[in-house]
């Protein structure tokens with residue numbers, strides 16, 4: 001992160017001042033700095049500070065809520081501050097840090113299709129979640145920011161230590177993110193109709209998109225009966241009732257609207273911060289685990305927030321390794337193109353008591369694995385112990401626990417190698433069109449059990465989507481997911497570096513790729529097809545599958561079929577997908593001169609990070625298995641000598657092979673010489 005012309009590695013630690021004795025703040029912040037961290041991250045919880053509607057206690061009578069003193073101590077110690085004022089913060093607080101009066105205000109509550117409050121079953125008890133569209137909620141949030149502004153404004157850099165503001169927190173509709181769970185709040189319906197009006201322009205264009213029933217179609221869903229003559233009369237779908245591919249258009253629009261709703265809400269909250277005097281600083285937002293199955297569209301959020309990061313809470317095992325690789329490579333590719341660091345807004349160090357236990361090995365594995373796949377900075381969450389949290393590396397008195405030694409060594413290793421300036425090249429991109437992610441949301445088969453849950457445990461569309469083929473003869477979403485996974489496995493088996501990328505990232509994700517692999521259920525936006533064709537014209541190989549795209553991005557029949565000849569001889573790829581993927585990867589390594597960092601034995605993974613001159617500087621070796629093994633890496637690609645940056649072990653190549661001892665479920669970060 002650039003501050004006053006200097007590049008400051010984005011290494012932070014979370015400290016919750018309002019949960020600690022103010023007399024211990026300095027000791028805790030000193031311990032954070034001793035871990036090699038440059039920034040302190042803290043929430044500013046609305047519910048903790050509000051003593052009456054629109055009135056906040058910020059230290060005038062309660063020292064524990066004196067945010068100014070806390071930030072000034074950080075400044076005295078040379079720490080910068082990341083401020084996270086919400087309004088939603090979670091932080092394992094009751095009501096997620098929102099005032100009780102807000103969540104129980106009907107005007108603020110998100111609504112189900114039957115106009116019931118949308119309840120979140122969360123400890124210590126369930127509560128109704130706010131609507132991201134509610135004008136009443138946004139008015140209350142703006143009033144909160146106005147009350148906060150006079151205290152925070154003097155703390156903004158360069159007059160104070162605050163250098164980054166987070167807008168809201170894990171904005172996945174409070175984890176009630178099923179396509180038909182919410183939001184049917186009157187303000188959301190109004191915003192939905194405005195969204196459709198802006199997208200289609202005229203009601204005739206919308207009707208043409210959705211299709212008008214004809215006599216030979218027989219019985220049609222009730223949602224398609226009758227004529228819609230104005231946008232103000234359109235109601236959103238309440239459940240998946242599609243019977244043919246074209247019926248999906250209105251459901252995919254509803255899914256896209258959720259993405260628009262969240263981006264619009266973050267923009268409104270950002271403007272409210274500015275109106276309260278908290279302007280001139282970059283903003284950020286954190287996407288939760290399983291973000292690919294939620295309506296959080298990073299490409300859209302990036303338009304209203306400067307830095308979009310991820311949260312990481314994973315176990316040390318093979319499934320987590322694959323999940324971390326997938327989500328981090330997507331983050332890293334987007335961030336690199338935008339010239340921002342790939343940042344973990346929350347890198348789990350410990351766990352809340354209602355999570356599955358995550359021990360120190362899990363934390364070390366997760367952060368090193370994420371760095372292996374392109375992460376460039378992180379916020380240790382939690383750095384300092386507090387209530388409703390187990391396993392932080394610093395206790396509430398500022399005393400370092402043994403776990404702090406790992407974080408200190410890691411911070412030193414990142415500084416020593418200039419890791420924030422290195423790059424992991426990914427010449428192969430597996431492209432997941434946004435249509436596929438929307439399709440998986442609307443075809444989710446498990447009701448209010450979020451699709452994000454399946455993503456968190458490593459499952460995808462094949463495990464969670466209904467198998468309805470809508471007359472096409474194959475299950476939508478499921479086969480496209482199988483196609484992408486088959487290529488992931490084939491590429492990893494040969495050690496070819498790749499990234500998973502989203503289909504709405506424009507040229508960000510495609511510009512320097514040598515091979516683009518696009519998964520589709522048979523629908524593709526013409527704009528995306530043109531981008532693929534342009535990449536092919538620049539010399540990249542393009543492979544599409546498992547179905548030939550016969551529909552546009554809303555599953556409407558193409559008026560003019562795509563000219564697949566523009567993609568070259570490699571697409572579409574159908575048939576026995578695993579075998580075809582394996583053969584395609586084998587061929588591409590030679591014909592495209594792809595790098596391959598295969599490692600023996602199988603199930604061990606290697607990534608290489610280069611400096612600006614293209615010289616390998618850091619090598620990661622990942623062993624997610626429960627075996628104690630010796631990994632063998634070809635020294636031709638990485639040099640002849642390596643030293644572990646965490647435990648100081650050294651390894652030398654013999655007979656052209658670098659042999660590295662690996663304990664079970666560990667990652668080595670090696671400096672190359």
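In full-length UniProt numbering, the protein residues as written are 1 to 673.
Glycine included, C-beta positions come from ideal geometry on N, C-alpha and C.
Check                                                                                                  : Outcome
Distance CB(residue 34)-CB(residue 379) smaller than 8 Å                                               : no
Among 74, 101 and 200, nearest to residue 163 - alpha-carbon criterion                                 : 74
Member of 278, 275 and 494 whose CA lies at the smallest distance from the CA of residue 588           : 494
Bridge partners - residue 500, DSSP secondary structure assignment                                     : 430
Three-state secondary structure (DSSP) of residue 689                                                  : In the structure as shown, the chain starts at 1 and stops at 673, and residue 689 therefore has no counterpart that could be examined.
Buried or exposed by the 16-neighbour rule on C-beta atoms within 10 Å, applied to residue 99          : buried
Nearest neighbour of residue 556, chosen from 515, 246, 644 and 612 [CA to CA]                         : 246
Alpha-carbon spacing of residue 9 relative to residue 586, whole angstroms                             : 38 Å
Counterpart residues of residue 103 in DSSP-defined beta bridges                                       : DSSP, once it has assigned bridges, lists no residue as partnering residue 103.
Spatial distance of residue 214 from residue 206 (CA atoms)                                            : Interpretation of residue 214 is limited by its pLDDT of 37, a score under 50 that renders its predicted location unreliable; no figure is taken from the coordinates.
Stretch pair the stretch 240 to 260 + the stretch 549 to 564: three plus CB contacts closer than 8 Å   : yes
Identified DSSP bridge partners for residue 274                                                        : Residue 274 pairs with nothing; no bridge assigned.
Exposure of residue 469, with buried meaning 16 or more beta-carbon neighbours within 10 Å             : exposed
Pairwise C-alpha distance: residue 466 and residue 336                                                 : 36 Å
Backbone secondary structure at residue 166 - three-state DSSP                                         : strand
Per DSSP, the bridge partner or partners of residue 545                                                : 519
Where residue 309 falls: helix, strand or coil (DSSP)                                                  : strand
6 Å CB neighbourhood of residue 484 in its chain, flanking five on each side removed                   : 430 and 519
Top-ranked residue by Cα proximity to residue 321, from 136, 620, 661 and 183                          : 620
Beta-ladder partner(s) of residue 417, from DSSP                                                       : Partner(s): none; residue 417 has no beta bridge.
Nearest residue (CA-CA) to residue 590, options 541, 664 and 112                                       : 541
C-alpha gap between residue 56 and residue 353, whole angstroms                                        : 30 Å
Unbroken alpha helix (DSSP H) run spanning residue 140, endpoints                                      : 135 to 152
N-terminal and C-terminal residue of the alpha helix (DSSP H) that residue 392 is part of              : That residue, residue 392, is in no alpha helix (DSSP H); it is neither H nor E in DSSP.
Buried versus exposed, by CB contacts within 10 Å (16 or more), residue 85                             : buried
Minimum C-alpha distance to residue 533 - residue among 546, 111, 511 and 551                          : 511
Reduced DSSP secondary structure (H/G/I, E/B, other) of residue 214                                    : Confidence at residue 214 is low in this model, with a pLDDT of 37, below 50, so its placement is unreliable and the value that follows should be read with caution. Residue 214 falls in the coil class under three-state DSSP.
Meets three-Cβ-pair contact criterion under 8 Å: the stretch 144 to 156 and the stretch 195 to 209     : no
Residue from 406, 1, 363 and 662 whose Cα sits closest to the Cα of residue 313                        : 363
Among 577, 287, 598 and 69, nearest to residue 173 - alpha-carbon criterion                            : 287
Segment contact, 8 Å Cβ cut-off, at least three pairs: the stretch 88 to 108 with the stretch 54 to 71 : no
Supposed contact pair residue 476 and residue 528 - C-beta distance, whole angstroms, cut 8 Å          : Wrong, their Cβ atoms sit about 18 Å apart, outside the cutoff.
Cβ distance (whole Å) where residue 90 is taken to contact residue 169 below 8 Å                       : 6 Å
Below-8 Å beta-carbon distance, residue 375 vs any chain C residue                                     : In the structure shown, chain C cannot be found, because there is only a single protein chain.
Burial state of residue 78, where buried means 16 or more other Cβ atoms lie within 10 Å               : exposed
Strand pairing of residue 283, partner residues [DSSP]                                                 : 165
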